[in-house]
Amino acid sequence: MSDDLILIDGNSILYRAFFALPLLSNEQGVHTNAAFGFTKMLLKVLEENDPSHVLVAFDAGKTTFRHDTYKEYKGGRQKTPPELSEQFPVVRELLDAFGIKHYELDRFEADDIIGTLAKQADQSKNNTMIISGDKDLLQLATDHTTVALTKKGITEIEAYTPSFLEEKMGITRDQVIDLKALMGDKSDNIPGVPGVGEKTAVKLLKQFGTIENLYENLDQVSGKKLHENLTNHKEDAFMSKDLVTINQDSPIEITVEDTIFSGYKTQEVINFFKAYGFQSLMNQVEGEEDPEAAKKKEISYQVLDEFDSTLGSEKSTVLIAEMLTDNYHEAELIGFSFVNEKGNFFLPTEIAIQSKEFNSWLKDSAQPKIVDNHKSIKVALKWRGLEISGVIFDLQLASYIVNPSSSYHDLPSIAHSHGLLDVSYDEEIYGKGAKQKLPEEGVYHEHVVRKAIVGKDLHQVLAEALGKNEQENLYYELEMPLSDILADMEYIGVAVDVERLQAMQADLKQRLETIEKEIHDLAGSTFNINSPKQLGKVLFEELNLPVIKKTKTGYSTSADVLEKLEHEHEVVAKILLYRQLGKLQSTYLDGLLKVVHEDTSKIHTRFNQVLTQTGRLSSIDPNLQNIPIRLEEGRKIRQAFIPSEQGWVIFAADYSQIELRVLAHIAKDEKLIEAFRNEKDIHTQTAMDVFNVKPEEVDSLMRRQAKAVNFGIVYGISDYGLSQSLGITRKEANIFIEKYLESYPGVKEYMDEIVKQAKRDGFVETIMKRRRYLEDINSRNFNRRSFAERTAMNSPIQGSAADVIKQAMIDVKQALSETNVEANLLLQVHDELIFEVKRDDVEKLEKLIVKAMEQTVELAVPLLVDASYGDTWYDAK
3 MSDDLILIDG NSILYRAFFA LPLLSNEQGV HTNAAFGFTK MLLKVLEEND
53 PSHVLVAFDA GKTTFRHDTY KEYKGGRQKT PPELSEQFPV VRELLDAFGI
103 KHYELDRFEA DDIIGTLAKQ ADQSKNNTMI ISGDKDLLQL ATDHTTVALT
153 KKGITEIEAY TPSFLEEKMG ITRDQVIDLK ALMGDKSDNI PGVPGVGEKT
203 AVKLLKQFGT IENLYENLDQ VSGKKLHENL TNHKEDAFMS KDLVTINQDS
253 PIEITVEDTI FSGYKTQEVI NFFKAYGFQS LMNQVEGEED PEAAKKKEIS
303 YQVLDEFDST LGSEKSTVLI AEMLTDNYHE AELIGFSFVN EKGNFFLPTE
353 IAIQSKEFNS WLKDSAQPKI VDNHKSIKVA LKWRGLEISG VIFDLQLASY
403 IVNPSSSYHD LPSIAHSHGL LDVSYDEEIY GKGAKQKLPE EGVYHEHVVR
453 KAIVGKDLHQ VLAEALGKNE QENLYYELEM PLSDILADME YIGVAVDVER
503 LQAMQADLKQ RLETIEKEIH DLAGSTFNIN SPKQLGKVLF EELNLPVIKK
553 TKTGYSTSAD VLEKLEHEHE VVAKILLYRQ LGKLQSTYLD GLLKVVHEDT
603 SKIHTRFNQV LTQTGRLSSI DPNLQNIPIR LEEGRKIRQA FIPSEQGWVI
653 FAADYSQIEL RVLAHIAKDE KLIEAFRNEK DIHTQTAMDV FNVKPEEVDS
703 LMRRQAKAVN FGIVYGISDY GLSQSLGITR KEANIFIEKY LESYPGVKEY
753 MDEIVKQAKR DGFVETIMKR RRYLEDINSR NFNRRSFAER TAMNSPIQGS
803 AADVIKQAMI DVKQALSETN VEANLLLQVH DELIFEVKRD DVEKLEKLIV
853 KAMEQTVELA VPLLVDASYG DTWYDAK
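Following the working numbering, the numbering of the sequence shown begins with 3 at its first residue and continues without gaps.
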């Protein structure tokens with residue numbers, strides 16, 4: 003180690019970090035943005051300087067010896083925000099975890115502590131670096147002391163030596179005090195001399211050297227006003243000099259030797275990071291502890307050439323089925339690892355598939371299993387004719403419930419986020435994208451076994467978190483059973499009429515060619531419609547349409563721009579239609595045909611259960627929840643989705659206005675509840691309330707506007723958003739919203755209270771305790787805070803609606819299992835369930851489904867389900 007001393011101005015760095023970063027908080031609601039920024043700075047400083055001594059100095063309190071000279075010292079400062087005050091103890095805890103000394107002294111400031119220690123070090127000719135955001139400390143720069151000032155937030159610093167100071171500011175280190183004395187400092191309420199800024203002060207000091215010499219030669223100062231100000235405020239200038247002078251002989255009770263830093267213990271720092279949610283910093287402290295601890299622990303494991311049923315466990319076994327790619331419908335299984343009290347094992351795929359004993363163990367429900375992704379394992383095994391039962395815990399699902407804000411729930415990411423670093427990320431082992439490949443057997447065998455070993459620890463951590471958050475019912479009673487149902491749906495797949503898709507593809511291609519010719523005729527020239535550059539030239543230079551917006555590369559031809567130009571020229575509507583149909587062609591017709599399974603003639607989508615923060619399912623490869631319905635051409639794509647059996651039909655069951663019903667329940671609004679209980683048309687009712695008219699006076703426009711307000715409230719719409727949706731002014735939109743909230747006071751009260759609760763707790767919950775964390779709910783940035791507030795309002799509604807439809811899927815599946823109705827649940831499209839059913843069983847299915855869905859949860863208002871069926875998905879709607 004070097005003999006370098008690092009002195010950090012704790013108050014200055016924390017203030018800068020607090021105002022540089024959005025207001026963050028951990029899962030316990032403790033604000034952490036300043037502490038997080040401070041930590042990033044500290045890690046960077048330690049890495050770049052490798053110091054032997056470190057100290058962080060803090061101000062001890064508001065009153066200092068400087069107040070004896072000037073009672074108004076720092077008198078203009080605003081009160082420290084409580085969100086910052088609560089982080090000072092957090093940072094002291096951080097420094098203790100790092101093994102770094104911190105110190106404060108009554109009636110003295112952090113600057114004085116730093117100045118005194120810097121003087122001690124300077125006298126011993128030890129190199130010192132001072133880190134602060136305060137230019138006052140530049141007076142401490144010497145040949146052995148560098149003052150590093152933060153810039154661009156807090157992790158970038160600019161180092162001032164005496165020579166750099168003179169080059170940068172045009173003054174010597176001795177003149178820093180005089181500079182500040184003349185300029186004053188509004189932030190510290192130091193008066194200085196009115197009318198003297200930095201430029202004038204530097205000019206005076208270059209001419210006179212010191213403030214004392216300046217006042218001895220005041221007659222040489224040019225400028226009547228400046229001369230007058232200097233004369234009238236001489237006392238202020240000298241008092242200011244006293245105030246800004248750092249006391250380098252403060253009565254501190256520590257010496258440089260007390261600041262020895264011998265490096266930090268990684269595990270202690272990791273524990274702190276885990277406690278305060280600093281997951282993104284975990285990898286920066288890996289490998290910093292002693293060599294034994296820094297290495298991944300040695301593990302022993304056995305590669306099996308056969309499976310023996312005695313290797314199972316009545317307690318629980320962590321089972322990993324390793325696949326290189328995400329799409330488990332087609333991914334190659336490269337092997338299994340399993341870990342229990344009998345040991346750590348790797349079982350190659352070819353042996354596992356052929357082993358009757360392993361297959362029996364897999365489907366034995368008496369053998370409890372912990373897995374990393376139940377749905378993927380179940381589907382992958384089904385494709386190979388195998389079954390799995392007895393899964394008691396899904397690590398990925400648990401991670402999603404506990405931390406829905408995270409985008410990564412693969413096992414290594416979960417492990418690292420909880421400080422369990424004894425496993426590598428998959429891409430470190432297999433590579434990524436085109437470079438992905440299987441390494442040597444020993445490498446991936448060990449990696450897969452490590453996953454299972456870490457999974458054992460994760461099980462305990464995540465199970466405890468679920469209990470602490472009161473989310474066990476959400477996990478065990480809703481999400482876990484649902485993963486079973488989704489696996490079956492994905493494996494069954496949806497039958498597709500390939501010939502019909504191909505015919506649509508050919509028809510649409512011809513239609514696009516016709517529209518392309520019409521566009522060229524209307525524009526008077528031939529050009530590439532898909533080229534924004536060529537299209538912009540035609541619209542704005544040749545046709546002289548008004549320019550709405552420009553980009554760095556030319557004219558904007560985005561959809562919102564073209565929509566504003568529709569009334570200017572008939573070619574614009576054709577271009578918009580061309581784009582819409584082109585997307586149908588490429589994304590849906592071409593895209594769907596590519597993913598039809600060659601053996602089953604079906605599409606096997608994947609439902610992502612761990613993606614959205616609201617709890618909604620999403621559909622990928624392909625996305626069957628997003629087939630467009632606005633254009634008739636888009637709706638017709640559903641004609642290609644058919645039953646897989648002759649004599650069967652497609653059956654659809656859809657919740658009616660579920661989010662508004664959930665809103666009525668959560669908000670406890672009497673008028674909304676009464677409207678739903680009496681089966682009133684809620685949009686007509688809202689139009690009556692907002693426009694103060696009778697039912698017969700509500701016209702289609704009023705109802706449309708009321709509908710927009712109703713659903714806008716659910717999604718936390720702003721007056722701007724509503725104005726864009728309805729094509730009205732923001733003022734008119736604001737009046738609509740205000741009238742709505744006057745009509746439904748329960749909704750207004752709910753919105754106010756849920757935001758207050760979110761600001762207090764840092765999260766909101768659904769009716770089934772699903773959480774949505776809101777990092778920006780207390781942000782000083784208006785836009786971030788406003789978005790977080792709207793999210794706080796709408797997440798319990800959207801999330802509860804997602805919970806209801808998930809519970810309905812479980813109840814429907816249970817009800818089906820208790821009858822002889824021949825039907826399969828195929829898809830979930832947000833508030834709608836799609837089945838295929840034997841035509842003779844349609845009436846039975848309808849009664850069963852409607853009853854199960856309407857009784858799935860008990861709300862303050864009735865749930866209502868609309869059901870229909872037809873030969874295709876299109877006909878069922």
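Note that the Cβ used here is the ideal one computed from N, Cα and C, for glycine as well.
{"Check": "Does the distance from the C-beta atom of I577 to that of L594 stay below 9 Å?", "Outcome": "no"}
{"Check": "Just the Cα atoms here: how many angstroms apart are S282 and R632?", "Outcome": "42 Å"}
{"Check": "Around the C-beta of E791, are 16 or more other C-beta atoms found within 10 angstroms, so that it is buried, or is it exposed?", "Outcome": "buried"}
{"Check": "Quick one: give me the first and last residue of the alpha helix (DSSP H) that N273 is part of.", "Outcome": "268 to 278"}
{"Check": "Taking T65 as the reference, which of R732, K76, I301 has the closest Cα?", "Outcome": "K76"}
{"Check": "Where M3 and K46 are concerned, what is the direct C-alpha to C-alpha distance, given to the nearest angstrom?", "Outcome": "In this prediction, M3 has a pLDDT of 33, which is less than 50 and means its spatial position is unreliable; what the coordinates show is noted afterwards. In a straight line, the C-alpha of M3 is about 16 Å away from that of K46."}
{"Check": "Count the other C-beta atoms from every protein chain shown that fall within 10 angstroms of the C-beta of V500, then say buried if there are 16 or more, exposed otherwise.", "Outcome": "exposed"}
{"Check": "How many Å lie between E88 and F765 at the Cα?", "Outcome": "19 Å"}
{"Check": "Quick check on the DSSP output: the beta strand (DSSP E) that includes D868 runs from which residue to which?", "Outcome": "867 to 872"}
{"Check": "Since N694 sits in a beta bridge, which residues does DSSP pair it with?", "Outcome": "In DSSP, N694 forms no bridge with anything."}
{"Check": "What are the boundary residues of the alpha helix (DSSP H) that includes T202?", "Outcome": "200 to 210"}
{"Check": "Go through its chain and collect everything with a Cβ distance to L460's Cβ below 7 Å, but skip five positions before and after it.", "Outcome": "L397, I416, A417, H420, L422"}
{"Check": "Just verifying my parser: in three-state terms, what is the DSSP assignment at S426?", "Outcome": "coil"}
{"Check": "Please list the segments of the alpha helix (DSSP H) lying wholly inside the segment 710 to 770, counting only runs of 4 or more residues, in order along the chain.", "Outcome": "721 to 728, 732 to 745, 747 to 763"}
{"Check": "May I have the straight-line CA-CA distance separating S2 from Y330, to the nearest angstrom?", "Outcome": "Only positions 3 to 879 of the chain appear in the structure, and residue 2 is not among them; the question remains open."}
{"Check": "Candidates A323, E332, D523, E824: which alpha carbon is nearest E647's?", "Outcome": "E824"}
{"Check": "Does the Cβ-Cβ distance between L23 and G39 come in under 9 Å?", "Outcome": "yes"}
{"Check": "If we call anything under 9 Å between Cβ atoms a contact, is Q830 one with I807?", "Outcome": "yes"}
{"Check": "What does the Cβ neighbour count give for T161, buried or exposed, with the cut at 16 atoms within 10 Å?", "Outcome": "The sequence as given places Ala at residue 161; Thr does not occur at that position. Classification of A161: exposed, given that the 10 Å Cβ count is below 16."}
{"Check": "Measure the Cβ-Cβ separation of V258 and S134 and say whether it is below 9 Å.", "Outcome": "no"}
{"Check": "Beta-carbon within less than 6 Å of A760's beta-carbon, same chain only, minus the 5 sequence neighbours each way: which residues are those?", "Outcome": "V766, L776, I779, A794"}
{"Check": "If the criterion is Cβ atoms closer than 9 Å, does the pair G392 and P370 meet it?", "Outcome": "yes"}
{"Check": "Would the beta-carbon of Y657 fall within 9 Å of that of L827?", "Outcome": "no"}
{"Check": "So for E834, helix, strand or coil by DSSP?", "Outcome": "strand"}
{"Check": "Please report the straight-line C-alpha distance between Q286 and F274, rounded to a whole angstrom.", "Outcome": "14 Å"}
{"Check": "Compare the C-beta of M284 against all C-beta atoms of chain B and say whether one is closer than 9 Å.", "Outcome": "The structure shown contains no chain B, having only a single protein chain."}
{"Check": "So what does DSSP say about K853, is it helix, strand or coil?", "Outcome": "helix"}
{"Check": "Within the continuous alpha helix (DSSP H) that includes I416, where are the two ends?", "Outcome": "413 to 419"}
{"Check": "Residues in the same chain with beta-carbon distance under 6 Å from D734, minus the five sequence neighbours each way, listed in chain order, please.", "Outcome": "This sequence places Glu at residue 734; Asp is not what is there. If we look at E734 and ignore the five residues flanking it on each side, it has no Cβ neighbours."}
{"Check": "On the CB-based measure, 16 or more other CB atoms within 10 Å of its CB, does P53 come out buried or exposed?", "Outcome": "buried"}
{"Check": "Alpha carbon to alpha carbon, what distance is there between G801 and D833?", "Outcome": "12 Å"}
{"Check": "For V716, does the count of other Cβ atoms within 10 angstroms reach 16, so buried, or fall short, so exposed?", "Outcome": "buried"}
{"Check": "I173 and L151 - do their beta-carbons sit closer together than 9 Å?", "Outcome": "no"}
{"Check": "Kindly indicate the opening and closing residues of the alpha helix (DSSP H) around E444.", "Outcome": "Per the sequence shown, the amino acid found at residue 444 is Gly instead of Glu. It spans 443 to 470 - the alpha helix (DSSP H) in which G444 sits, taken as one unbroken run."}
{"Check": "Quick check on the burial criterion: 16 or more other C-beta atoms within 10 angstroms. Buried or exposed for E699?", "Outcome": "exposed"}
{"Check": "Find the nearest neighbour of A561 within the set H569, R581, E570, E543, judged by alpha-carbon distance.", "Outcome": "R581"}
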